[in-house]
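Each remark here refers to the structure printed beneath this line.
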Amino acid sequence: MMKSKQVFTSVLFIVFFNVALFAQLSSTQIDSLVNNAMETFKVAGSAVAIVKDGKIIYEKGFGVKSAKINEPVNEHTNFAIASNSKAFTTAALAILVEEGKIKWTDKVVDHIPEFTMYNPYVQQNFNIQDLLTHRSGLGLGMGDLMFFPDGSDFTIDHLLSSFQYFKPVSAFRTKWDYDNLLYLVAGELIARKSGMTWEEFIKKRIFEPLKMDNSYAALDNMLNKDNLASPHNGDSGTLKVLPDFKEMINGAAGGIYSNVDDICNWMLLQLNKGKYGENLENQLFTEQSQREMWKIHTTMDASRNPRYNSHFAGYGLGWFLTDKKGNMEVSHTGGLPGMLSKTLLIPDLNLGIVVLTNTEPGGGGLFYAVSAAIEDSYLGLDDFKWTDKLAKNLKDRVERGDEVSKKVWETVETNKNMKVDETKFIGTYKDVWFGEMEVFKKGNQLWIKSQHSPKLNGAMYFYNANTFAIKWEYQDMNCDAFAMFSLDENGLAQSIKMKGISPNIDFSFDFQDLDLVRVKAD
Numbered sequence: 000m001m002k003s004k005q006v007f008t009s010v011l012f013i014v015f016f017n018v019a020l021f022a023q024l025s026s027t028q029i030d031s032l033v034n035n036a037m038e039t040f041k042v043a044g045s046a047v048a049i050v051k052d053g054k055i056i057y058e059k060g061f062g063v064k065s066a067k068i069n070e071p072v073n074e075h076t077n078f079a080i081a082s083n084s085k086a087f088t089t090a091a092l093a094i095l096v097e098e099g100k101i102k103w104t105d106k107v108v109d110h111i112p113e114f115t116m117y118n119p120y121v122q123q124n125f126n127i128q129d130l131l132t133h134r135s136g137l138g139l140g141m142g143d144l145m146f147f148p149d150g151s152d153f154t155i156d157h158l159l160s161s162f163q164y165f166k167p168v169s170a171f172r173t174k175w176d177y178d179n180l181l182y183l184v185a186g187e188l189i190a191r192k193s194g195m196t197w198e199e200f201i202k203k204r205i206f207e208p209l210k211m212d213n214s215y216a217a218l219d220n221m222l223n224k225d226n227l228a229s230p231h232n233g234d235s236g237t238l239k240v241l242p243d244f245k246e247m248i249n250g251a252a253g254g255i256y257s258n259v260d261d262i263c264n265w266m267l268l269q270l271n272k273g274k275y276g277e278n279l280e281n282q283l284f285t286e287q288s289q290r291e292m293w294k295i296h297t298t299m300d301a302s303r304n305p306r307y308n309s310h311f312a313g314y315g316l317g318w319f320l321t322d323k324k325g326n327m328e329v330s331h332t333g334g335l336p337g338m339l340s341k342t343l344l345i346p347d348l349n350l351g352i353v354v355l356t357n358t359e360p361g362g363g364g365l366f367y368a369v370s371a372a373i374e375d376s377y378l379g380l381d382d383f384k385w386t387d388k389l390a391k392n393l394k395d396r397v398e399r400g401d402e403v404s405k406k407v408w409e410t411v412e413t414n415k416n417m418k419v420d421e422t423k424f425i426g427t428y429k430d431v432w433f434g435e436m437e438v439f440k441k442g443n444q445l446w447i448k449s450q451h452s453p454k455l456n457g458a459m460y461f462y463n464a465n466t467f468a469i470k471w472e473y474q475d476m477n478c479d480a481f482a483m484f485s486l487d488e489n490g491l492a493q494s495i496k497m498k499g500i501s502p503n504i505d506f507s508f509d510f511q512d513l514d515l516v517r518v519k520a521d
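So the sequence shown is numbered by numbering that gives the first Met the number 0: it starts at 0 and just counts up by one.
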């Protein structure tokens, strides 16, 4: 009897000891976690906030807004939240649905007659939810070159007519492939049905009710930029301050600038099923709308990490959805040049976490490591050493990509004295959706430039056969590309296919989707 009591007591001790060991992280522990991740991933600045059971329990800034100025980040410092903006777009649509101005299943062409798609059936049956769920049949990031890098002059008219020229990679509504352009169409639909721009709608119908007073639907709306974080690139080993990225057409895919204090209000709204206010007396959207936004519309592969015992994964309306240890997880990430972020909700635990950063590529490792460690502590899991594991993975990935790029430019150097008749390549080439690119001589150097996207211009260096390597003047992101020419029987270039040089190139540089055909010779 005594022995059994001792065993029972020992079991209780182990249980309670483990609960204590793997309990929610304290503020001091979170500080240490973030500071360690900042140093490990070489991130200039970040901000982190947690809401739990209807309250903000943690919010803090780390590091600096800019490596040039060294002013500290605080909980009110604004960052570009990039694709975390997509959930604001779907919430805006939910408001219009509840006002009876649209239905989720309405055909897009019924509201935007100019909208095109790659075949008549898809065009006539493409509905509003198809704009939001990455199941169009188009490939990953198709058409993103229209606004990546920023500074192009593409208009909504260009955008609406472009989809007819894109080539699908899967059958309609059968496969998940992330896209941004269709969210811009959703932003245009919001403008047409509400009578105000997407930016105005987000400000008046979401930011103002939620008292997100220091959030902006467009960078140009931010008149005082004193507390704005600058984007950075750390690829070279030192932090390079980048210019702010400006969304074109509208910001529905990724245009919002916000801070962790304001996003706490957004997370509390979500966790309170669309209700807000001191006593939850107000409602932005109904629980029914939230169920629609948090319902899987496009299936994805669930996590293979056995620690989470996940059974499903998919994409809702502006949210990634999965389960971890029996709890629903709702999340999204965001990425623009030098700005990487994550929002994560566990509705079953009434928990929300947001991490904003201003450095790439390290910010991606930081937001994942920090959010995962905090989430794991609430799920009762052990310390998985996320920062160490992700730092190694990131280092390996960067080194592999750098090695590929290094070999390309070594080949360029080896072949630099090879005799090439550059006149065979000079001329103007046109892609049906991206427009013209001109190959010409700039001094003694072969050069290429885009008609619509002025930042896409750069020197062309002979690589091999009929292929040149392009070193863009734009170097805010790693996006140098191959240009592969097809020649006629006389050796005159007739067309160009392109692809990124580095395997680590961001998917939004979809050079592979261009089909540039000669329209005139020099």
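We put the CB at the ideal spot given by N, CA and C, even for glycine.
So residue i is in the beta strand (DSSP E); what residue range does that whole segment cover?
i: L344; result: 338 to 345
i: W524; result: What the structure shows of the chain is the stretch from 0 to 521, and residue 524 is not part of that stretch, so it cannot be assessed.
i: K429; result: 426 to 430
i: Y182; result: Here Y182 belongs to no beta strand (DSSP E); instead the alpha helix (DSSP H) covers 180 to 193.
i: G334; result: 326 to 335
i: T132; result: No beta strand (DSSP E) holds T132; DSSP gives it neither H nor E.
i: M459; result: 456 to 463
i: K85; result: It is not in any beta strand (DSSP E) - K85 instead sits in the alpha helix (DSSP H) that spans 85 to 97.
i: T321; result: 319 to 323
i: Y57; result: 54 to 62
i: Q493; result: 492 to 499
i: F481; result: 480 to 486
i: I49; result: 44 to 51
So which of the options has the shortest CA-CA distance to residue i?
i: L343; options: G325, N357, L335, T321; result: T321
i: K166; options: M141, N392, S45, A48; result: M141
i: V411; options: F461, L355, E435; result: F461
i: K324; options: L380, L365, L316; result: L380
i: K64; options: K85, S45, K54; result: S45
i: G250; options: I345, A86, K384, F114; result: A86
i: M292; options: F319, R303, E70; result: F319
i: E472; options: A81, H231, S449; result: S449
i: M483; options: Q474, G499, L158; result: G499
i: D234; options: S257, F40, M145, K67; result: F40
i: M116; options: S151, Y164, A66; result: Y164
i: T356; options: G186, I29, V33, S26; result: V33
i: A170; options: S160, N213, Y120; result: Y120
i: R290; options: P346, F311, S309; result: P346
Expressed to the nearest angstrom, what Euclidean distance is found between the alpha-carbon atoms of residue i and residue j?
i: L515; j: F162; result: 17 Å
i: H75; j: E38; result: 22 Å
i: T297; j: D487; result: 44 Å
i: V108; j: Q122; result: 7 Å
i: D149; j: L180; result: 14 Å
i: Y177; j: N416; result: 42 Å
i: Q511; j: K51; result: 44 Å
i: Y367; j: R399; result: 21 Å
i: K388; j: K394; result: 10 Å
i: F244; j: F153; result: 16 Å
i: K4; j: S370; result: Residue placement at K4 is poorly supported in this model, since its pLDDT is 34, which falls under 50; the coordinates still yield a value, given next. So the alpha carbons of these two residues sit roughly 41 Å apart.
i: S501; j: A81; result: 23 Å
i: V168; j: A216; result: 32 Å
i: V354; j: A48; result: 7 Å
i: D219; j: Q287; result: 34 Å
i: A464; j: Y182; result: 40 Å
i: F206; j: D261; result: 9 Å
i: L20; j: K391; result: Summary for L20: the model assigns pLDDT 41, below 50, so the residue's position carries little reliability, and this model does not support an answer.
i: V329; j: D225; result: 32 Å
i: G434; j: N281; result: 48 Å
i: E402; j: M211; result: 45 Å
Near residue i, which residues of its chain fall below 7 Å by C-beta distance, leaving aside the five closest residues on each side in sequence?
i: T285; result: E97, G273
i: F506; result: L139, G140
Residue i and residue j look like a contact to me (Cβ under 8 Å); what is the Cβ gap, rounded to whole Å?
i: G351; j: L241; result: With 8 Å as the limit, G351 and L241 do not qualify as a contact, their Cβ atoms being about 29 Å apart.
i: N264; j: L209; result: 5 Å
i: T358; j: L238; result: 7 Å
i: M436; j: W446; result: Going by Cβ atoms, the distance from M436 to W446 rounds to 11 Å, so no, they are not a contact pair.
i: L316; j: T132; result: 7 Å
What residue range does the alpha helix (DSSP H) around residue i cover?
i: D387; result: 385 to 413
i: K441; result: Unbroken run through K441 is the beta strand (DSSP E), 434 to 441; no alpha helix (DSSP H).
i: V369; result: 361 to 377
i: Q287; result: 286 to 292
i: T120; result: Before going further, note that residue 120 is Tyr rather than Thr in the sequence given. Run containing Y120: 119 to 124, per the alpha helix (DSSP H) assignment.
i: I29; result: 26 to 40
Taking 6 Å as the limit between beta carbons, can you name the residues of its chain near residue i, skipping five residues before and five after?
i: T332; result: K341
i: I55; result: C263
i: R517; result: G426, Y428, Q493
Leaving out five residues on either side along the sequence, give the residues of the same chain with a beta carbon under 8 Å from the beta carbon of residue i.
i: L268; result: L209, K274, Y275, L283
i: A190; result: T196, W197, F200, N249
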